[in-house]
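So the sequence lines, in the order shown, correspond to chains A and B. If you use the working numbering, the first sequence corresponds to residues 884 to 1186, in order. If you use the working numbering, the second sequence corresponds to residues 3 to 306, in order.
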Amino acid sequence: MSGTAPRDRRRGLLGVALTLPGAVWLAVFFLVPLYVVVSISTGTVDPVFRSVVPAWNPRDWSGDQFGYVLSRLTGPDGFFGPVMVRTVVYVLLAVAGCLAVAYPVAWFVARHSGRRRGLVLALIVAPFWISYMMRMLAWVNLLADDGLVNRLLGGAGLVADPVTFLSGRPTTVVLGLVYGYVPYMILPMYAALDRISPALLEAARDLGAGRFETFRRVVLPMSVPGVLAGLVLVALPMTGDYFTNDLLSASPSTAMLGNLINTSVANPSQAGQAGALVLVLVLAMAVPMLLYVRSSVRSDLAS
Amino acid sequence: MTALPQAPPVATPPVARGRSWRGPWRPPYVLAAVTVGYLVWSLAPVLLAVLFSFNSGRSRSAWQGFSMRWYYADPTLSVLHDESLRRALTHTLTLGLLTTLVAVPLGVAFALGLDRWHGRLPASANFTMLLSFVIPEIVLAVGLFYMITLLATPFVLGTTAQVVGLVTFQLSYPVVIVRARLATIGPQYEEAARDLGASAFGAMRRVLLPMLMPAIFTSAVLVFADVLDDFVIVRYLSSDAFTETTSIKIYNTARGAPTPALNAVATLMLVASFVVVLLGWLAVKRFGRGQEEPGSLGAFAGQV
Chain A
884 MSGTAPRDRR
894 RGLLGVALTL
904 PGAVWLAVFF
914 LVPLYVVVSI
924 STGTVDPVFR
934 SVVPAWNPRD
944 WSGDQFGYVL
954 SRLTGPDGFF
964 GPVMVRTVVY
974 VLLAVAGCLA
984 VAYPVAWFVA
994 RHSGRRRGLV
1004 LALIVAPFWI
1014 SYMMRMLAWV
1024 NLLADDGLVN
1034 RLLGGAGLVA
1044 DPVTFLSGRP
1054 TTVVLGLVYG
1064 YVPYMILPMY
1074 AALDRISPAL
1084 LEAARDLGAG
1094 RFETFRRVVL
1104 PMSVPGVLAG
1114 LVLVALPMTG
1124 DYFTNDLLSA
1134 SPSTAMLGNL
1144 INTSVANPSQ
1154 AGQAGALVLV
1164 LVLAMAVPML
1174 LYVRSSVRSD
1184 LAS
Chain B
3 MTALPQAPPV
13 ATPPVARGRS
23 WRGPWRPPYV
33 LAAVTVGYLV
43 WSLAPVLLAV
53 LFSFNSGRSR
63 SAWQGFSMRW
73 YYADPTLSVL
83 HDESLRRALT
93 HTLTLGLLTT
103 LVAVPLGVAF
113 ALGLDRWHGR
123 LPASANFTML
133 LSFVIPEIVL
143 AVGLFYMITL
153 LATPFVLGTT
163 AQVVGLVTFQ
173 LSYPVVIVRA
183 RLATIGPQYE
193 EAARDLGASA
203 FGAMRRVLLP
213 MLMPAIFTSA
223 VLVFADVLDD
233 FVIVRYLSSD
243 AFTETTSIKI
253 YNTARGAPTP
263 ALNAVATLML
273 VASFVVVLLG
283 WLAVKRFGRG
293 QEEPGSLGAF
303 AGQV
C-alpha cells in the first residue's frame, strides 16, 4: 500500500456516493418506464375488460401487438402504412428545409456578421427562450381564417374566400416543423463553422480556388460534424412530434407517427398498440441516437 | 489583395474588370439577405402575437387599440381574473422552480461523481444519461405515464409525477455542462487543495464548487426555461385542470376561439423566461469573475 492509496480510495468513495443518486434516479425513472413500454407492447389484452395485461416476465412476451401493428402496415387494413410513409416524408422534407435555412444563416453569422455578431447571435438564440407552444400559437393567429395573412390576401384581392391554411395541409405542417425546429440546427452548425480558421479559407483562395471551390473543398468537409449533430438534434424530436400537427392541421390526413401514439395512449384499450408504436419509434431512431451518444462519449474521452 | 483578412467592403476599387470577377472578399449580400429574412420570419410572428395581447378588442388579427384588458382590466376574461389562466401560469412557474431545485443538485453531484468514479458501472450510467437527452420526449412521457398508472408507484399523476418526469428529462443539462466545465478546470486545483491538507470532501466543497458556480447557474437557467417550455411530459403526467400548464392551455384552446388573454398568458411566460435568462446571465457574470470566460451565449442556448 503506497501512501496515496487511502486518499485515492476516499476520492473514489466520494465519487460513488455522488454518482449513485443520479444513477438510481435514471434507473427508476428512465429505464423502468422503458421496460414498462416493452412489457405493455409484448403483453396481451384482457378479453373481458379490454384493458392491457403487461408481460413483466420476458418469458411471457408475445408478439401479438407487434403482429397487429405490422399487419396494419400494408394490405386492406393498412391504415398505419400511410402514416409511417408520411412521417418519413414529412421529416425528410422538414429536415431538408431546416438544412437549407440553417446552413447559410450559420455560415453568415460565423464568418460575416462582424461587429453585429453579438446582436445577431442573441436574435438567433431568442427562439430558445420563447415557448414552442407560443411560437405555434403565433402561426395559428396568423394563418387562421380571419388571421392576418388571410386579411392581407383578401385585402389585396388575391383570394375571394379565406385560404384554409390550418386544415389538413401538408405544406403548413412541414413548414411548421421547419419553423419550430430550425433554431436547434443553427447553433451546432454555427459552432462547427465558427471553428474553421479564416486562414484556411485565405489559403484556399490564395491557391486559386474560387468562392464556390473554397466552399465545396474546404468549408463543406469541415462542417460535416456540425451538420450531422444538427440533423440528429432536429430529426429526433420531429419524428415524435404530434402537437405541431395538431395545432397547424388537426386533420387525420396529415397525421404522423406521434399523432398515432398520442391517440392510442388516449384510448385505454389501445395501450398495447401504443407501446408497440413507441417501440417502433425508438427502433427507427436507434441508429441516430446511438451515433449521437457515441460521439458525445468520444469527445468526452478526448477532453 | 487576396490575402486581406476580412477586408472592409470598400476595399474593392472600381476598376474595370470582367463581370465575373466581383472581388474575392466582397460582402455576401445574398447570405446577409437570407439571415435577415430568417430573423424576420422567426421573430415577427411572435412579436405580432405579443402585440395582439394588448388589443382592446377580441380579435387576434385586427388592431382595435391598445389596452391592458386581457392582462388585468377585464373582470372575467383577463389573465388576472380567469382562474384557469392564472392557475396555469402559477403551476408552470412552480414546476419550473421544483424541477430546477431537484435536477440541478442531482445533476451536479452526478457530474462530480462521474469525474471521480471510473469503471463499467459509471460508464453505463453516463450512457443512460446521454440516452435520456436524445430520446424523443414522447417515449419517456408515455413510459412514465404507463409506469405510474400500471405499477403501484408511491405517487399518482399530478404535480409530483410532472416534477419526476421533468427532472428525468432535464437531468442531462447540468451533468453535461458541469462535466464540460470540470474538463477545462482540470485536476490541479483539487490536488493542490489536497496537498495543503483539505479532505476529499473539503477540497470539492471549498475549491471545486465555487469554480463551478457559473456552470451551475447556467444549467439552472437552462433547466428552468426549458421546463416553462415543456409540453409533452407535463401533459401526459397531468391529472386534472389543476395541473395544467400554460403550454397545455395553449394546446387545448389555440384552435378554439381564444381571446387575446391566451396571447397575454404566453407573453407573460415569455417575460418570465427572459427575466430568468437575464438573472442567470448576471449571476454567471458575478460568480465568474476572475475566471476565464465560462458560460458563453452558446451554453445558454442549450448547445452542449
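By construction, the Cβ of each residue, glycine as well, lies at the ideal position given by its N, Cα and C atoms. It should be emphasised that the depicted structure is a prediction, and the values quoted were computed from it without experimental measurement.
Taken atom to atom, the span from the alpha-carbon of B/F171 to that of B/R183 is near 21 Å.
Within the region 979-1024 of chain A, the runs of alpha helix (DSSP H) at least 4 residues long that lie entirely inside it are, in chain order, 1000-1008. DSSP, reduced to helix, strand and coil, places A/V1046 outside both helices and strands of the structure shown, so it counts as coil.
Interface annotation, B/E246: not in contact with chain A, CB-CB separation never under 8 Å. Note on the region 1103-1144 of chain A: there is no whole beta strand (DSSP E) run with a minimum of 3 residues. Nearest C-alpha to A/Y1062 among A/N1150, A/P941, A/T1127: A/T1127. Here B/Y253 has no same chain residue with a Cβ atom under 6 Å from its own Cβ, once five neighbours each way along the sequence are excluded. The residue from A/L1035, A/A977, A/L901, A/W939 with its alpha-carbon nearest to that of B/R118 is A/L901. By the neighbour-count criterion, in which a residue is buried when 16 or more other Cβ atoms sit within 10 angstroms of its Cβ, A/W990 is buried. Take the alpha-carbon of B/R60 and the one of B/T186: they are about 54 Å apart. Here the C-alpha atom of A/L1143 lies approximately 8 Å from the C-alpha atom of A/A1157. If you look at B/L82, you'll find it isn't in any alpha helix (DSSP H); DSSP assigns it neither H nor E. For the region 1132-1165 of chain A, the set of positions with a beta-carbon nearer than 8 Å to some beta-carbon of chain B reads A1133, G1141, I1144, N1145, V1148, A1154, A1157, G1158, V1161, L1164, V1165 in chain order. Burial is judged here by how many other beta carbons sit within 10 angstroms of a residue's own beta carbon; B/Y74 has fewer than 16 and is exposed. Remark: C-beta atoms of B/V236 and B/Q164 approach each other more closely than 8 Å. Beyond the five residues adjoining it in sequence on each side, A/P1171 comes within less than 6 Å, by CB distance, of V1115 in the same chain, given in chain order.
The region 144-228 of chain B contains no complete beta strand (DSSP E) run of 3 or more residues. Under the DSSP definition of a beta bridge, A/T927 partners with A/V936. For B/S58, there are no neighbours in chain A by C-beta distance under 9 Å, as the nearest C-beta there is about 16 Å away. Only residues of its own chain outside the window of five on either side were considered, and among them S249 have a CB closer than 6 Å to the CB of B/F233, listed in chain order. Closest in C-alpha terms to A/G1155, from the list A/A983, A/R894, A/L897, A/V919, comes A/V919. By the rule that beta-carbons nearer than 8 Å mark a contact, B/S275 touches chain A. Annotation: the continuous alpha helix (DSSP H) that includes A/Y951 extends over 947-954. Note: B/F68 is bridge-paired with B/N57 in the DSSP secondary-structure output. Interface annotation, B/P30: in contact with chain A, CB-CB separation under 8 Å. Between the region 209-221 of chain B and the region 171-180 of chain B there are three or more C-beta pairs closer than 8 Å, enough to call the two in contact. When rounded, the separation of the alpha-carbon atoms in A/A1043 and A/D1028 is 12 Å.
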